[in-house]
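First comes the structure, then the notes that go with it.
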Amino acid sequence: MKSKQQRQLFYLVPYGAWLLLFVIAPLVLLLFQSLTNANGGLTLHNYAVYFGSGTYLRMTFNSVWFAFLITLITLVISYPMAYLLNQLKQKQFWLLLVILPTWINLLLKTYAFIGLLSKTGTVNNFMSFFGIAPQQLLFSDWSFLLVAAYIEIPFMILPIFNSLAEIDPKLEQASRDLGANKWQTLRRVILPLSMPGVKAGIQAVFIPSLSLFMITRLIGGNRVITLGTAIEEHFLVTQNWQLGSTIGVILIVAMVVTMILTRDRVKKNTRK
Amino acid sequence: MKKLLTSVVAILAVVAVLFTAQRYLAAKTGSGEGGSKVLNLYNWGDYIDPALLKKFTKETGYKVSYETFDSNEAMFTKVKQGGTSYDLAVPSEYMIEKMKAANLLLPLDHQKLTGLKNYDSRFLNQSFDRHNKYSVPYFWGTLGIIYNDKYLKASDVQHWDDLWSSKFKNQVMLIDSARDVLGFTLITQGKSVNDKSTADLAAAQGKLTTLMPNVKAIIADEIKMYMAQDEASIAVTYSGEASEAMANNKHLHYVVPSEGSNLWFDNIVMPKTAKHTAAAYAFLNFISEPKNAAQNAEYIGYATPNKKALALLPKSIREDKQFYPDAKTVSHLQVYSDLGQKWTEKYNDAFLEFKMTQR
């Protein structure tokens, strides 16, 4: 008995070391850094700067607003798509096609969009075919949302698809047998049962979207400013790591809040 | 369980094979440290003619291990940590000042430098390094305006103030750098690019905000690609970036406003981490030779500070006013000095607020 326990402990060592080194230590360092000034003394000054500055608060609002829009767009597209994919015969194959773009480097995909959306790009060439003059597509909120949503969509479809696939088809049949129409079945049976997938998708999209920054520059032309931009600047240009860390801590808090809001409420789900 | 074990073993085997192959290849190409006949050169990406590195190895027997960085700050951090023994590095002027203050540079022994006399005296003895105690000039350049003659006339964009013209609504691309953008705004107000006055900075930020309706995007290296693709008709960028864009699009031109602009330098320094000083001096002398410097300048397309090398360049390059501006314009150019932590932040905060301005 004791040896089994010891063995279990032994198995936990690599996991624990990993957690300690790559999760807990960086978080503690980040928090510590955010609470110090340039000379290493403890201070709340960085938080005062952050909350006292209209610029940073507006930027935070921007980040949350754009992350919300990206999540909404991906959700609206992904749910019907995941639902349809589940009805198909070769669903694993079609799912693979959806996931395929994630195999390509993020930066390459972004540059591909530059080729599509630029003034002399494919989209404008196509439009000129119908006599529409070249439009300014890049460097706008819309192009930013389009590209960000495109990049995040697989992360929304996958969890929803999986949760839909897990639903027993018999439940659907039973619902029809008991007189529910298609719409009622969807609303009363399918939708509640796929909620965990939707929540997981929201987490997987909303949280990274909060700190997107490469796309804000390449596609948004820095006309869309999020907290990621400020963090990059504080770490690379001004070398004010303390303030950069403070913004990092605030992002982490925002993520924890998202996790809490979208967590599975155990009580409700176990009631059968 | 057995299946898991097999796959773990398989993965470990693949890792072992890849690791040995990587070591083998590294040993074969002679990269990495090790060995005494080596020069560890830390430079910007694609910032030297590779043929010259080969020639250097052939002439002196030193193998060159070429490592690259993409920002002065990244280079500073790495040299400060001292993990790798870089023998030579190529920082920009304000960074040399900062490295000097942080005691990260070795003074150069002028007795061992044979090529210093080849350089134009205008580019020696600069404020960031008096008497070139720590550095030898590598390339210099300017900040200026690049425009496309398909969409506007040359007379429209001779001065910084022209950028504010209502003709250029939503057309101007700016370089994503606080110092450069605030710098040219300060110049339009007759101030220095190194101004340290809260009132002047606030005034510059106020003026900059009125430029926003004309600003199409605030980006970095991508400017050269967008200009070459006709995405915008006018942009503010560095001379080196401009020359690359112009090589891809015949309609592009570059102007250094005569009222003044930034004059930047990339100089070669010997960091504290240097271990192969003999190789380093050999390289400094090699790159100062007019023939080599000329070949390098032709390859990179930046302006060479080497007077004798300039004489060897073809007339079309030598007399190109865009990259070798006349003496009067050069006399109005200003060099950045290190602003220090407090003012670097003030400049960047002002720039961040400008970027947040709604159209």
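The listed protein sequences correspond, in order, to chains A and B. The opening residue of the first sequence carries number 934 in this note's numbering; numbering runs sequentially from there. The opening residue of the second sequence carries number -19 in this note's numbering; numbering runs sequentially from there. Glycine is no exception: its CB is placed at the ideal position from the N, C-alpha and C atoms.
Residues that residue i contacts on chain B, provided the C-beta gap is smaller than 8 Å
i	result
I1185 of chain A	Neighbours of I1185 of chain A on chain B: none; closest Cβ ~21 Å, over 8 Å.
I1065 of chain A	Correct list: empty, because the minimum Cβ distance to chain B is about 17 Å.
E1166 of chain A	N328, L332
Nearest candidate by alpha-carbon position, reference residue i, set the options
i	options	result
L975 of chain A	A:G985, A:L964, A:Y983	A:L964
I1164 of chain A	A:P1129, A:W1036, A:L1184	A:L1184
D329 of chain B	A:V1189, A:V956, A:G1177	A:G1177
S219 of chain B	B:N229, B:Y234, B:L(-2)	B:Y234
E47 of chain B	B:A(-7), B:K58, B:A31	B:K58
T94 of chain B	B:K171, B:A260, B:R3	B:A260
T168 of chain B	B:S238, B:N20, B:Q2	B:S238
L1119 of chain A	A:W1036, A:G1054, A:Y1012	A:Y1012
K130 of chain B	B:L88, B:T64, B:N229	B:N229
F164 of chain B	B:G320, B:A254, B:T217, B:A274	B:T217
S1096 of chain A	A:L1124, A:T988, A:L1111	A:L1124
G1181 of chain A	A:S936, A:V961, A:V946	A:V961
L123 of chain B	B:P251, B:W244, B:Y304	B:W244
A254 of chain B	B:F(-1), B:L21, B:A1	B:L21
Counted within 10 angstroms of its Cβ, other Cβ atoms place residue i as buried (16 or more) or exposed
i	result
T309 of chain B	buried
E1166 of chain A	buried
N1058 of chain A	exposed
G12 of chain B	Model confidence at G12 of chain B stands at a pLDDT of 48, short of 50, so the residue's coordinates are unreliable; what they give is reported in the following sentence. Its Cβ having fewer than 16 others within 10 Å, G12 of chain B is exposed.
V956 of chain A	exposed
V1190 of chain A	exposed
K326 of chain B	buried
I214 of chain B	buried
P959 of chain A	exposed
G41 of chain B	exposed
Cα-Cα separation, residue i to residue j
i	j	result
Q138 of chain B	H312 of chain B	15 Å
L68 of chain B	N276 of chain B	17 Å
A225 of chain B	I280 of chain B	13 Å
E221 of chain B	K204 of chain B	6 Å
R1204 of chain A	K1024 of chain A	Because R1204 of chain A carries a pLDDT of 43, less than 50, the predicted location of this residue cannot be relied on, and no value is offered for it.
W323 of chain B	L96 of chain B	34 Å
D156 of chain B	M336 of chain B	13 Å
K(-17) of chain B	V(-11) of chain B	10 Å
L1017 of chain A	V(-5) of chain B	41 Å
T1043 of chain A	L86 of chain B	43 Å
A61 of chain B	L1049 of chain A	Note that residue 61 of chain B is Gln in the sequence shown, not Ala. Those two C-alpha atoms are separated by around 42 Å.
P270 of chain B	P294 of chain B	13 Å
Y66 of chain B	T284 of chain B	24 Å
G1226 of chain A	M192 of chain B	A query on residue 1226 of chain A cannot be resolved here, the shown segment of chain A reaching from 934 to 1205 and no further.
V997 of chain A	K1022 of chain A	39 Å
A273 of chain B	P71 of chain B	18 Å
F1001 of chain A	D201 of chain B	30 Å
V982 of chain A	L292 of chain B	55 Å
CB of residue i within 8 Å of CB of residue j, strictly
i	j	result
D246 of chain B	K78 of chain B	no
G121 of chain B	Y282 of chain B	yes
N286 of chain B	Y99 of chain B	yes
I76 of chain B	V249 of chain B	yes
Q209 of chain B	S1076 of chain A	no
Q1175 of chain A	N979 of chain A	yes
G1127 of chain A	I1100 of chain A	Residue 1127 of chain A is actually Ser in this sequence, not Gly. Contact flag set, yes.
D160 of chain B	N242 of chain B	yes
V152 of chain B	K196 of chain B	yes
I1148 of chain A	A1081 of chain A	yes
T189 of chain B	F(-1) of chain B	no
L232 of chain B	N128 of chain B	yes
L1160 of chain A	T993 of chain A	yes
P1092 of chain A	A1133 of chain A	yes
S1142 of chain A	I1003 of chain A	yes
L1071 of chain A	I1152 of chain A	yes
Chain A contact residues for residue i, given Cβ-Cβ distances below 9 Å
i	result
Q321 of chain B	A971, T1171, Q1172, N1173
T324 of chain B	V1170, T1171, Q1172, N1173
N276 of chain B	Correct list: empty, because the minimum Cβ distance to chain A is about 28 Å.
M207 of chain B	Within 9 Å Cβ-Cβ: nothing; M207 of chain B doesn't reach chain A, min ~12 Å.
D129 of chain B	Ordered by position in chain A, no residue passes the 9 Å Cβ test against D129 of chain B, which lies about 17 Å from the chain.
Contact set between residue i and chain A, taken where Cβ atoms lie within less than 7 Å
i	result
A197 of chain B	F1072, G1154, N1155, R1156
M336 of chain B	T988, R991, M992, I1158
S223 of chain B	Chain A residues near S223 of chain B: none, gap ~22 Å exceeds 7 Å.
Within chain B, partners of residue i - CB distance below 9 Å
i	result
L1151 of chain A	I199, E202
S1218 of chain A	Look at the range of chain A in this structure, 934 to 1205, and you will see that residue 1218 of chain A is not part of it.
A1163 of chain A	L332
Cross-chain neighbours of residue i in chain B, by beta carbon under 7 Å
i	result
S1051 of chain A	Q209, E211
Proximal residues of chain A, C-beta to C-beta of residue i below 8 Å
i	result
D156 of chain B	R1150, N1155
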